[in-house]
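Asks:
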Amino acid sequence: MRVLITAGGTTEKIDEVRAITNHSTGRLGSLIADYFYEAGATEIVYICSEQAKRPKHIQKMRELPIVSVQDLYQTLTKELISASFDIVIHSMAVSDYYLEGTASQDVLTTEIVKQLNQHPDMSQEEAVKQGLELAFHEMTSANQPKKMSSALPTVYFQLKQTPKVIRQIKKIQPHATLVGFKLLVDVDSTELVQVASRLMEKNDADYVLANDLSQIKGDQHVGYLLQQDGSYTLFQTKQAIAKGIVEATMKGVN
């Protein structure tokens, strides 16, 4: 039985000292990896962020550290193309956006006014959009200084959507058992389950672990493990979630 697990959270660089990241610790992913090892998995590939919690049996696994969404996308795709996996657990908290460019307030307003004046035949909306693109183009992520100046009173960031990594998994390995994860904040259980169900359908996942940040504190962790038939199992701790995911996914592996 070959298992691939992603854990922790991605980080998108602003400059050499600043970044956009999230609070994911990778604790749940590490527990899942350990339970799979103890259940007899023959190979476990553990893709994780540099700060993520490592499984206690990490020396028996193949660890692949990543930083950004692009790193994750490339590493995951390479692994899925190189070998077949029975189970893929995508528990990593993936950034929805990356930094495309920055602009000071002066540069931004100057460029927008310039486009409005130079293109009277263009709609205001289009002129503003063009002004924004040109302003941010002057300082893209590729030519950012090593440390952004702290003298600027106001700085604007241009964020663009990252690729949806989970969508690649079943495209490359349609027969793998896929577990996705959905985290919301302070919603009722009905909405949480509905959103997780849509995620499952959109990405052809076999299971989705739906959880709410307001119900996570240390190892106390309320989670709903959804199946494709609409049923779900409720867990109250990280350990119970990890064990439940391992037991559920192993049932379908010969």
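Quick note: the sequence shown uses full-length UniProt numbering, first residue 1, plus one each step.
Using N, Cα and C, we set each Cβ at its ideal position, and we do this for glycine too.
Using DSSP with H/G/I as helix, E/B as strand and the rest coil, what is isoleucine 14?
Replies: Working through the sequence shown from its first residue, we reach residue 14 at position 14. Residue state, collapsed to three classes: coil.
Asks: Between the segment 70-86 and the segment 25-35, do at least 3 Cβ pairs fall closer than 8 Å?
Replies: The answer is no - the segment 25-35 does not touch the segment 70-86, with fewer than three Cβ pairs under 8 Å.
Asks: DSSP three-state call for valine 185: helix, strand or coil?
Replies: Numbered from its first residue, the sequence shown carries residue 185 at position 185. It is coil, neither helix nor strand.
Asks: Isoleucine 245: buried (16+ other C-beta within 10 angstroms of its C-beta) or exposed?
Replies: Residue numbering aside, residue 245 sits at position 245 when the sequence shown is read from its first letter. Buried, by the Cβ-count rule.
Asks: Quick one: what's got a C-beta closer than 6 Å to alanine 135's C-beta in the same chain, skipping five residues either side?
Replies: As a first step, residue 135 is located in the sequence shown; it is residue number 135 there, counting from the start. Ala103, Val107, Leu108, Glu111.
Asks: On the CB-based measure, 16 or more other CB atoms within 10 Å of its CB, does isoleucine 87 come out buried or exposed?
Replies: For this step, residue 87 is matched to residue 87 along the sequence shown. Isoleucine 87 comes out buried.
Asks: Is the beta carbon of threonine 233 less than 8 Å from the beta carbon of aspartate 206?
Replies: The residue labelled residue 233 in the question sits at position 233 within the sequence shown. The residue labelled residue 206 in the question sits at position 206 within the sequence shown. Their beta carbons are not under 8 Å apart, which means threonine 233 does not touch aspartate 206 by this criterion.
Asks: Do you know how far the Cα of valine 165 is from the Cα of valine 155?
Replies: In the sequence shown, the residue the question calls residue 155 occupies position 155. In the sequence shown, the residue the question calls residue 165 occupies position 165. One C-alpha to the other measures close to 30 Å.
Asks: Less than 8 Å between the C-beta atoms of valine 222 and glutamine 228, yes or no?
Replies: Working through the sequence shown from its first residue, we reach residue 222 at position 222. Working through the sequence shown from its first residue, we reach residue 228 at position 228. No, the pair does not count as a contact, with Cβ atoms beyond the cut-off.
Asks: Does the separation of the CB atoms of tyrosine 35 and lysine 243 fall below 8 Å?
Replies: Here residue 35 refers to the residue found at position 35 when the sequence shown is read from its first residue. Here residue 243 refers to the residue found at position 243 when the sequence shown is read from its first residue. Yes, the Cβ-Cβ distance between tyrosine 35 and lysine 243 is below 8 Å.
Asks: Candidates Val185, Ser150, Ala7, Met200: which alpha carbon is nearest isoleucine 67's?
Replies: Stepping through the sequence shown from its first residue, residue 67 is reached at position 67. Checking the displayed sequence, the identity of residue 67 turns out to be valine instead of isoleucine. Nearest option by C-alpha distance: Ala7.
Asks: Which residue spans inside the segment 158-183 form an unbroken alpha helix (DSSP H) run of at least 4?
Replies: Listed in chain order, they are 166-172.
Asks: Since phenylalanine 235 and serine 91 are thought to touch, with beta carbons under 8 Å apart, how far apart are those beta carbons, to the nearest angstrom?
Replies: In the sequence shown, the residue the question calls residue 235 occupies position 235. In the sequence shown, the residue the question calls residue 91 occupies position 91. In fact, because the Cβ distance is near 14 Å, the residues do not count as touching under 8 Å.
Asks: Below 8 Å between beta carbons: does that hold for asparagine 22 and alanine 83?
Replies: Counting from one through the sequence shown, the residue named residue 22 turns up at place 22. Counting from one through the sequence shown, the residue named residue 83 turns up at place 83. Not a contact, by the Cβ cut-off of 8 Å.
Asks: Quick one: Cα of alanine 127 to Cα of leucine 159, how far?
Replies: In the sequence shown, counting from the first residue as 1, residue 127 sits at position 127. In the sequence shown, counting from the first residue as 1, residue 159 sits at position 159. Going from the Cα of alanine 127 to the Cα of leucine 159 covers about 20 Å.
Asks: Please report how far the alpha carbon of valine 3 lies from the alpha carbon of glutamate 100, in whole angstroms.
Replies: Taking the first residue of the sequence shown as position 1, residue 3 is located at position 3. Taking the first residue of the sequence shown as position 1, residue 100 is located at position 100. Spanning the two alpha carbons is a distance of roughly 34 Å.
Asks: Could you pull out every residue in the same chain whose Cβ sits closer than 7 Å to the Cβ of lysine 238, ignoring the five residues on either side in sequence?
Replies: As a working mapping, residue 238 is identified with position 238 in the sequence shown. Correct list, in chain order: Arg27, Leu28, Leu31, Asp219, His221.
Asks: Does DSSP classify glutamate 191 as helix, strand or coil?
Replies: Translated into positions along the sequence shown, residue 191 becomes position 191. In the structure shown, glutamate 191 sits in a helix (DSSP, three-state: H, G or I).
Asks: Can you tell me the Cα-Cα spacing of valine 113 and lysine 129, whole angstroms?
Replies: On the sequence shown, position 113 is the one that residue 113 refers to. On the sequence shown, position 129 is the one that residue 129 refers to. Going from the Cα of valine 113 to the Cα of lysine 129 covers about 11 Å.
Asks: Tell me which residue opens and which closes the beta strand (DSSP E) that glutamine 215 is part of.
Replies: Sequence index remark: in the sequence shown, residue 215 carries index 215 (1-based). Note, glutamine 215: beta strand (DSSP E), 207-217.
Asks: From cysteine 48 to leucine 64, what does the alpha carbon distance come to, in whole angstroms?
Replies: Mapped onto the sequence shown, residue 48 falls at position 48. Mapped onto the sequence shown, residue 64 falls at position 64. Roughly 6 Å between the two C-alpha positions.
Asks: Given a threshold of 16 other Cβ atoms within 10 Å of its Cβ, counted over all protein chains shown, does aspartate 212 qualify as buried or as exposed?
Replies: Residue numbering aside, residue 212 sits at position 212 when the sequence shown is read from its first letter. Buried: at least 16 other Cβ atoms inside 10 Å.
Asks: Serine 95 and threonine 10 - do their beta-carbons sit closer together than 8 Å?
Replies: Here residue 10 refers to the residue found at position 10 of the sequence shown. Here residue 95 refers to the residue found at position 95 of the sequence shown. Taking 8 Å as the Cβ cut-off, threonine 10 and serine 95 qualify as a contacting pair.
Asks: Which residues mark the beginning and the end of the alpha helix (DSSP H) in which leucine 108 is found?
Replies: On the sequence shown, residue 108 is found 108 positions in, with the first residue counted as 1. Segment 105-118, the alpha helix (DSSP H) holding leucine 108.
Asks: Within 10 angstroms of its Cβ, does glutamine 115 collect 16 or more other Cβ (buried), or is it exposed?
Replies: Within the sequence shown, the letter at position 115 stands for residue 115. So glutamine 115 ends up on the buried side.
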